[in-house]
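Asker:
Here is the structure:
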């Protein structure tokens, strides 16, 4: 909450202006027309069932309070980064504890739910800013891509490592990346699975501002303050005009992910990741 | 030709020295404890996320891109310096 006074009232999860909700994985509050969504689940905001439940509560609240706000800022309170993506350990252990058909149904259900959340954030009638630092991988990258603007600390790092597990990004990453960038760039990121830094992200047009270490949130707040000067209805109309939600491709992505998830290579890839003691488990 | 080789060698040594300085400063390890052939995972005691931090620091410092897959199996500062030097 640096450089910004926010009045906080803990307790009920019904956000009003000047109040907040704190969960185990994320918290949100509204002040001065800006909704803050802070991610704070150790080690690096892995998105599992607990985070998804809280994200669903958040978007329910968002639909209620967005008329009173002009901006939403999503950021991480965790030192390693913005978000390391899906909780692969939970995914692996839950899948192992179920019959294959039940596990496949569980994965599809999870994807449908997280797509609904990301689609609501993507289309929210206010300007959304992801203030990212450090690891912004997989599902974390996909969350940032659902936002209108990405402000990146110069230590931010982006990656779609899913192919290393025999999967594709499943939280809407491919259609959203394709919406924002050229297909050749998308292929590079997707097919090589390499990570890249904030300077490269800005060079390819993904990131709007690169700032010094620890400065992303402050910069996002400055940007949000600027947005407040404009007519809100015009900003909403402009966003709706320029940022269509690629619903058909998002649907296809869920289907393809589920098809790939059923293959034995995925189970082997997940097990390798979960059991790895390698200092570089992100490398294939 | 000999001068060119000497320049290249000096540059690699200079790159190595800069990597060691940068790693010492970022991970708050005395510079004297770091040696070119050290296994940096062990010497710095870093995990996968901190390794990514080091990678970003190096890319920002040298203004190069280092795809992760090029660093697969690289664990000592000298080899790392060679990989960076090849992109300068």
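Chains as they are written, first to last, in the working numbering: chain A, -16 to 267; chain B, 30 to 117. Glycine included, each C-beta is placed from N, C-alpha and C at the ideal position. Because the structure is a prediction, the values reported are computed rather than measured.
#1: Does the beta carbon of residue 109(B) sit closer than 8 Å to a beta carbon anywhere in chain A?
#2: Are the C-beta atoms of residue 100(A) and some chain B residue less than 8 Å apart?
#3: Assuming the contact rule is C-beta atoms closer than 8 Å, residue 65(A) and residue 13(A) should be a hit. Round their C-beta distance to whole Å, please.
#4: Assuming residue 142(A) is part of the beta strand (DSSP E), what are its boundary residues?
#5: Could you tell me whether the region 41 to 49 of chain B touches the region 72 to 82 of chain A, using the rule of 3 or more Cβ pairs below 8 Å?
#6: Using a C-beta cutoff of 8 Å, does residue 85(B) count as contacting chain A?
#7: Whole angstroms are fine: how far does the CA of residue 198(A) sit from the CA of residue 116(A)?
#8: Measuring CA to CA, which of 150(A), 184(A), 71(A) is closest to residue 127(A)?
#9: Any Cβ of chain A within less than 8 Å of the Cβ of residue 82(B)?
#10: Please classify residue 202(A): is it buried, with 16 or more other beta-carbons within 10 angstroms of its beta-carbon, or exposed?
#11: Enumerated in chain order, which unbroken segments of the alpha helix (DSSP H) with a length of 4 residues or greater are wholly contained in the region 39 to 124 of chain A?
#12: Determine whether the beta carbon atoms of residue 111(A) and residue 38(A) lie at a separation below 8 Å.
#13: Would a C-beta distance cut-off of 8 Å place residue 243(A) and residue 172(A) closer than the cut-off?
#14: Pull up the distance between the alpha-carbon of residue 80(B) and that of residue 51(A), whole angstroms please.
#15: Which residues of chain B have a Cβ atom closer than 9 Å to the Cβ of residue 59(A), listed in chain order?
#16: By the DSSP assignment, the alpha helix (DSSP H) with residue 5(A) in it spans what residues?
#17: From residue 22(A) to residue 60(A), what distance separates their C-alpha atoms?
#18: CA-CA distance, residue 132(A) and residue 64(B)?
#19: Over what stretch of residues does the beta strand (DSSP E) that includes residue 251(A) continue unbroken?
#20: Check residue -11(A) in the structure and name its three-state DSSP category.
#21: For residue 230(A), does the three-state DSSP call read helix, strand or coil?
#22: So if I threshold CB-CB distances at 9 Å, which residues from the region 159 to 191 of chain A count as touching chain B?
#23: Going by CA-CA distance only, name the one from 210(A), 186(A), 31(A) that's closest to residue 72(A).
#24: Provide the residue span of the alpha helix (DSSP H) that contains residue 169(A), from first to last.
Answerer: Looking at the atomic coordinates:
#1: Within the second chain, the letter at position 80 stands for residue 109(B). So, not an interface residue.
#2: Start at 1 with the first residue of the first chain, and residue 100(A) comes out as number 117. It does not: the Cβ of residue 100(A) has no partner Cβ on chain B nearer than 8 Å.
#3: Reading the first chain from its first residue, position 82 is the one you call residue 65(A). Reading the first chain from its first residue, position 30 is the one you call residue 13(A). With a Cβ gap of about 21 Å, residue 65(A) and residue 13(A) do not count as contacting.
#4: Locating residue 142(A) in the first chain gives position 159, where the first residue counts as 1. It spans 140 to 142 - the beta strand (DSSP E) in which residue 142(A) sits, taken as one unbroken run.
#5: no
#6: Here residue 85(B) refers to the residue found at position 56 when the second chain is read from its first residue. Closer than 8 Å: yes.
#7: Here residue 116(A) is taken as the residue at index 133 of the first chain, counted from 1. Here residue 198(A) is taken as the residue at index 215 of the first chain, counted from 1. Between residue 116(A) and residue 198(A), the C-alpha separation is close to 9 Å.
#8: Within the first chain, numbered from 1, the residue matching residue 127(A) stands at position 144. Among 150(A), 184(A), 71(A), the Cα nearest to that of residue 127(A) is on 184(A).
#9: On the second chain, position 53 is the one that residue 82(B) refers to. Chain A contact via Cβ: present.
#10: The count along the first chain starts at 1 and reaches residue 202(A) at position 219. Looking at its Cβ environment, which holds 16 or more other Cβ atoms inside 10 Å, residue 202(A) is buried.
#11: Taking 4 residues as the shortest admissible run, the region 39 to 124 of chain A contains the following complete alpha helix (DSSP H) segments, listed from N- to C-terminal end: 71 to 79, 83 to 106.
#12: Residue numbering aside, residue 111(A) sits at position 128 when the first chain is read from its first letter. Residue numbering aside, residue 38(A) sits at position 55 when the first chain is read from its first letter. It is not a contact, given that the beta carbons lie outside the stated cut-off.
#13: For the purposes of this step, residue 243(A) is identified with residue 260 of the first chain, where counting begins at 1. For the purposes of this step, residue 172(A) is identified with residue 189 of the first chain, where counting begins at 1. The Cβ atoms of residue 243(A) and residue 172(A) do not sit closer than 8 Å to each other.
#14: Taking the first residue of the second chain as position 1, residue 80(B) is located at position 51. Taking the first residue of the first chain as position 1, residue 51(A) is located at position 68. One C-alpha to the other measures close to 42 Å.
#15: For this step, residue 59(A) is matched to residue 76 along the first chain. Result: empty, since nearest Cβ-Cβ is about 13 Å, beyond 9 Å.
#16: Numbered from 1 along the first chain, position 22 holds the residue referred to as residue 5(A). Per DSSP, residue 5(A) belongs to no alpha helix (DSSP H); it is in the beta strand (DSSP E), 3 to 5.
#17: Along the first chain, read from residue 1 onward, the residue named residue 22(A) stands at position 39. Along the first chain, read from residue 1 onward, the residue named residue 60(A) stands at position 77. C-alpha of residue 22(A) to C-alpha of residue 60(A): approximately 6 Å in a straight line.
#18: Counting from 1 along the first chain, the entry for residue 132(A) is found at position 149. Counting from 1 along the second chain, the entry for residue 64(B) is found at position 35. Note on geometry: alpha-carbon atoms of residue 132(A) and residue 64(B) lie some 42 Å from one another.
#19: Numbered from its first residue, the first chain carries residue 251(A) at position 268. Segment 247 to 258 is the alpha helix (DSSP H) holding residue 251(A); no beta strand (DSSP E) there.
#20: Position 6 of the first chain, counting from 1, holds the residue named residue -11(A). At residue -11(A) the pLDDT is 45, less than 50, meaning the model places this residue with poor confidence and gives no usable figure here.
#21: Working through the first chain from its first residue, we reach residue 230(A) at position 247. It is helical.
#22: Look at the region 159 to 191 of chain A: the residues with a C-beta under 9 Å from a C-beta of chain B are 175, 176, 177, 178, 179, 180, 181, 182, 183.
#23: Taking the first chain and counting its residues from 1, the one referred to as residue 72(A) is at position 89. Per the Cα distances, 31(A).
#24: For the purposes of this step, residue 169(A) is identified with residue 186 of the first chain, where counting begins at 1. Per DSSP, residue 169(A) belongs to the alpha helix (DSSP H) from 166 to 175.
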